[in-house]
Amino acid sequence: MAISPSMLMSVPTKSISDTDLDLTYILLIKHLSEQIKLTLYSDTPTCVKAKYLSEFVQEIERKHFNRVSSRSYLIRQLFYLHQICKALERFNEEELDLSYREFRLKVYYPNIIYILIRLLPKARSFLQKMIRTIFDEYKRRAGSVVLSHTTSFYMDMDVIKTDILYDFLGNAMKKLNPLDVNNVDLFYKQVFRNILFYYFKGKQRLKTELIDNTIENPFNELVYIPTGLAIYRDVMYDLQVEKMYQTSLTLNQVRYNFNIFRNVILSNEFQNIYISTQKDSFLINNEQYKLLKLYNDDIDDKLDEIKKLPTIYRLLKCVRIFSKSHCYMSSVVNPQIVKTAVMEELIHPFRNMLCSNNIYEILERVAENFSNSVLSGEYINLMTLSPLKIKQVTFVNQLKKFVRLCLRINE
7 MAISPSMLMS VPTKSISDTD LDLTYILLIK HLSEQIKLTL YSDTPTCVKA KYLSEFVQEI
67 ERKHFNRVSS RSYLIRQLFY LHQICKALER FNEEELDLSY REFRLKVYYP NIIYILIRLL
127 PKARSFLQKM IRTIFDEYKR RAGSVVLSHT TSFYMDMDVI KTDILYDFLG NAMKKLNPLD
187 VNNVDLFYKQ VFRNILFYYF KGKQRLKTEL IDNTIENPFN ELVYIPTGLA IYRDVMYDLQ
247 VEKMYQTSLT LNQVRYNFNI FRNVILSNEF QNIYISTQKD SFLINNEQYK LLKLYNDDID
307 DKLDEIKKLP TIYRLLKCVR IFSKSHCYMS SVVNPQIVKT AVMEELIHPF RNMLCSNNIY
367 EILERVAENF SNSVLSGEYI NLMTLSPLKI KQVTFVNQLK KFVRLCLRIN E
C-alpha cells in the first residue's frame, strides 16, 4: 500500500530530547528503581546508597557520550543533572505515585543533592558560583531587601543561598536543557536573578527563631545516670535533637541535608574533642546531636575562642563523609607533622598520669589515630553544601592551639 503525504503527517515522531529522556529513564529503572523504593521505608529522607548512584551516573555518561562529547565538561554535567531531574519526576508519575510534597521530600531532593554535590563537581561549583554572584549583586543593588530578610526573619545569608539552590533544582533545572543554551553564564545568571526576585518578593510564610539560650539540657543532670538507665541514653539524645530542630527553620535545613548524607557520614574528631569539654561525660555517638550542639553554641557565642582558629572553626561545623580522596592539600599539610603536633600537645598534660615507660607509645598511638581520622574522608558544610579542603599553611598551628584550648577547658 502506498503511503500518502497526509498519512506521513499523522505518524507521531519523537524529538531528540524525548529519546534522551527515554534512555536516562531506562538506566534509572535498571540501577535505582528498587533502591529508591527501599529508601521509602526509612523514617527520615535519605538518598540511595552511594555505590548505586555512582554506577547510575557513570552509565549515563557512557550512554550519552556521543550526544554530548563535543560539548564542554560543564555543559555535559549540567545536561546529566537535567536528565536525572526529569527521569526522577517521570519515575514518580509512572511507578511511585507519591504526592508532590512527599516525592520531593523523600526521593527527589535527597538523591539530586547527593548526585550534584558528590558526583557532578563541575556543575556544583558552577551553580554555587552563580548563586554567590547574583546574591552579591543583590546586596549591592538592594541591600535593604537582603538586610530585612536576615534581620526580620533571622535568616543567615547561607540559608537564603541554599533555598535558592533548592528552588532552582526543584523547578528550573528540569525545564531547561543546557544543550539548548548558547551563553551559559548569562543565561543562568538571569535564571537566578528571577528566582531571587520572586524569593524576596514573595511573602515568607515561616519565620525562623534563633535557638533560645535557655534551652534546658537534660543530660547535665544525668552525669551519674544508673547503669540500668544507660540503655535510654541514645533515645534521649534523639529527643534533644528534635527539640533543637523545633526552634529554628535554619536548623531544619541542616537536618534535611544531614539526612541526605546520612549513609556516608563518619565521626568528626574535631567535634568529638570539643564535645568532650562539656559537662556531659557520656561518649556521644549521635552525630546529629554533636553537629547541632556546635550550631547552638555558636549562636550562644560560646565559640569565640575557636573562631580565632578559622580553619578549625569551619571544620567543626561540617560533617565528615566517606571519600577515597584526601581532604587536605598534600603540598601544604603533612600527616606526619600533624601527628607530631598533636603528640606534642598531649605529652605535657598526660606525662604524669601513666607509667613513664609506656606514655610515649600510648600517646603516639592516640596522635596517629587522631591524625588518620581528621585527614581522611571529606568535610561538607551542611548549610552551604560546600566541601571544605584543608589547605591553609597555618592549619597545624591552629590544631595545636585547638587541642591546647580543649585540654585547658577540661582542667
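Note that the sequence shown covers residues 7 to 417 in our numbering.
The C-beta atom is built at its ideal place from N, Cα and C for all residues, glycine as well.
Could you tell me the boundaries of the alpha helix (DSSP H) in which Cys91 lies? As a working mapping, residue 91 is identified with position 85 in the sequence shown. Unbroken alpha helix (DSSP H) run through Cys91: 79 to 97.
Could you tell me if Asn72 is buried or exposed, where buried requires 16 or more neighbouring beta carbons within 10 angstroms of its beta carbon? Numbered from its first residue, the sequence shown carries residue 72 at position 66. It is exposed - the Cβ of Asn72 has fewer than 16 other Cβ atoms within 10 Å.
If you draw a straight line from the C-alpha of Asp173 to the C-alpha of Val372, how long is it? The count along the sequence shown starts at 1 and reaches residue 173 at position 167. The count along the sequence shown starts at 1 and reaches residue 372 at position 366. Whole-angstrom Cα-Cα distance: 45 Å.
From Leu369, Phe408, Asn274, pick the residue whose C-alpha is nearest to that of Ser382; which is it? Stepping through the sequence shown from its first residue, residue 382 is reached at position 376. Selected option, being the one with the closest Cα: Asn274.
For my contact list, Ile266 and Ile119 are in at a C-beta cut-off of 8 Å; report their separation, rounded to the angstrom. Taking the first residue of the sequence shown as position 1, residue 266 is located at position 260. Taking the first residue of the sequence shown as position 1, residue 119 is located at position 113. Ile266 to Ile119, Cβ: 5 Å. Contact.
Under the assumption that His88 contacts Glu65 (Cβ atoms under 8 Å), give the Cβ distance between them as a whole number of angstroms. Mapped onto the sequence shown, residue 88 falls at position 82. Mapped onto the sequence shown, residue 65 falls at position 59. That pair is no contact at about 17 Å.
Member of Val165, Ser39, Asp49, Arg410 whose CA lies at the smallest distance from the CA of Glu100: Along the sequence shown, read from residue 1 onward, the residue named residue 100 stands at position 94. Cα-wise, what sits closest to Glu100 is Ser39.
Tell me the DSSP secondary structure of Cys53 in three-state form. As a working note, residue 53 is residue 47 in the sequence shown. Coil at Cys53, not helix or strand.
According to DSSP, simplified to helix, strand and coil, what is Val344? By one-based count along the sequence shown, residue 344 stands at place 338. Three-state result, Val344: helix.
Cutoff 7 Å; reference Asp164; Cβ partners in own chain excluding five residues on either side: For the purposes of this step, residue 164 is taken as the residue at position 158 of the sequence shown. Hits under 7 Å: Met389, Thr390.
Between the segment 307 to 321 and the segment 393 to 410, are three or more C-beta pairs nearer than 8 Å? yes
When the distance is taken between beta carbons, is Asp28 closer than 8 Å to His70? As a working mapping, residue 70 is identified with position 64 in the sequence shown. As a working mapping, residue 28 is identified with position 22 in the sequence shown. Contact flag unset, no.
From the DSSP output, read off the bridge partner residues of Ser392. Reading the sequence shown from its first residue, position 386 is the one you call residue 392. DSSP, once it has assigned bridges, lists Asn387 as partnering Ser392.
Got a sec? Which residues, its chain only, sit under 6 Å from Val185 by beta carbon, not counting five neighbours each side? Translated into positions along the sequence shown, residue 185 becomes position 179. According to the sequence shown, residue 185 is Leu rather than Val. Excluding residues up to 5 positions away in sequence, Phe85 lie with their Cβ nearer than 6 Å to the Cβ of Leu185 in the same chain.
Compute the distance between the beta-carbons of Phe132 and Leu202, then report whether it is under 8 Å. Mapped onto the sequence shown, residue 132 falls at position 126. Mapped onto the sequence shown, residue 202 falls at position 196. In this structure, Leu202 does not lie closer than 8 Å to Phe132 by Cβ.
When DSSP labels each residue in this structure, what does Leu175 get in the three-state scheme? Within the sequence shown, the letter at position 169 stands for residue 175. Here Leu175 sits in helix by DSSP.
The alpha helix (DSSP H) that contains Arg73, what's its start and end? Residue 73 sits at position 67 when you count from the first residue of the sequence shown. Looking at the DSSP string, the run of the alpha helix (DSSP H) that includes Arg73 is 71 to 74.
If you count every other CB in all the chains shown that lies within 10 Å of the CB of Leu46, and 16 or more means buried, which is it? The sequence position of residue 46 within the sequence shown is 40, counting from 1. It counts as exposed.
Sorted by chain position, which residues of the same chain lie with C-beta nearer than 8 Å to Glu311's C-beta, five sequence neighbours on each side aside? Reading the sequence shown from its first residue, position 305 is the one you call residue 311. Here the set comprises Leu411.
Quick one: give me the first and last residue of the alpha helix (DSSP H) that Arg326 is part of. For this step, residue 326 is matched to residue 320 along the sequence shown. Here Arg326 belongs to no alpha helix (DSSP H); instead the beta strand (DSSP E) covers 324 to 327.
Using CA coordinates, which residue listed in Tyr385, Arg147, Met179 is at the minimum distance from Phe264? The residue you call residue 264 lines up with position 258 of the sequence shown. Comparing Cα positions, the closest option is Tyr385.
Unbroken alpha helix (DSSP H) run spanning Pro116, endpoints: The residue given as residue 116 occupies position 110 in the sequence shown. Unbroken alpha helix (DSSP H) run through Pro116: 115 to 120.
Buried or exposed, going by whether 16 or more other CB atoms sit within 10 Å of the CB of Tyr366? Translated into the one-based positions of the sequence shown, residue 366 becomes position 360. When all chains shown are included, Tyr366 counts as exposed.
Is there contact between the segment 296 to 312 and the segment 330 to 349, where contact requires at least three CB pairs shorter than 8 Å? no
Terminal residues of the alpha helix (DSSP H) in which Tyr144 lies: Locating residue 144 in the sequence shown gives position 138, counting from the first residue. That run of the alpha helix (DSSP H) goes 127 to 147.
Given that a residue counts as buried once 16 or more other Cβ atoms are within 10 Å of its Cβ, and exposed if not, what is Pro51? As a first step, residue 51 is located in the sequence shown; it is residue number 45 there, counting from the start. Pro51 is buried by the Cβ-count criterion.
Under DSSP, the alpha helix (DSSP H) around Lys296 begins and ends at which residues? As a first step, residue 296 is located in the sequence shown; it is residue number 290 there, counting from the start. Its alpha helix (DSSP H) spans residues 293 to 305.
Got a sec, what are the start and stop residues for the alpha helix (DSSP H) Glu101 sits in? As a first step, residue 101 must be located in the sequence shown, where it is residue number 95. Counting along the chain, Glu101 falls outside any alpha helix (DSSP H), and DSSP gives it neither H nor E.
Between Val74 and the rest of its own chain, which residues show a CB-CB distance below 6 Å, the 5 nearest in sequence each way excluded? Numbered from 1 along the sequence shown, position 68 holds the residue referred to as residue 74. Excluding residues within five positions, the ones whose Cβ falls inside 6 Å are Arg82, Phe85.
Just how far apart, CA to CA, sit Pro355 and Ser336? What you label residue 355 is simply residue 349 of the sequence shown in a count that begins at 1. What you label residue 336 is simply residue 330 of the sequence shown in a count that begins at 1. Pro355 and Ser336: Cα-Cα distance of roughly 30 Å.
Nearest to Pro127 by CA position, among Pro393, Ile42, Phe62, Asp49, is which residue? As a working note, residue 127 is residue 121 in the sequence shown. The shortest Cα separation from Pro127 among Pro393, Ile42, Phe62, Asp49 belongs to Pro393.
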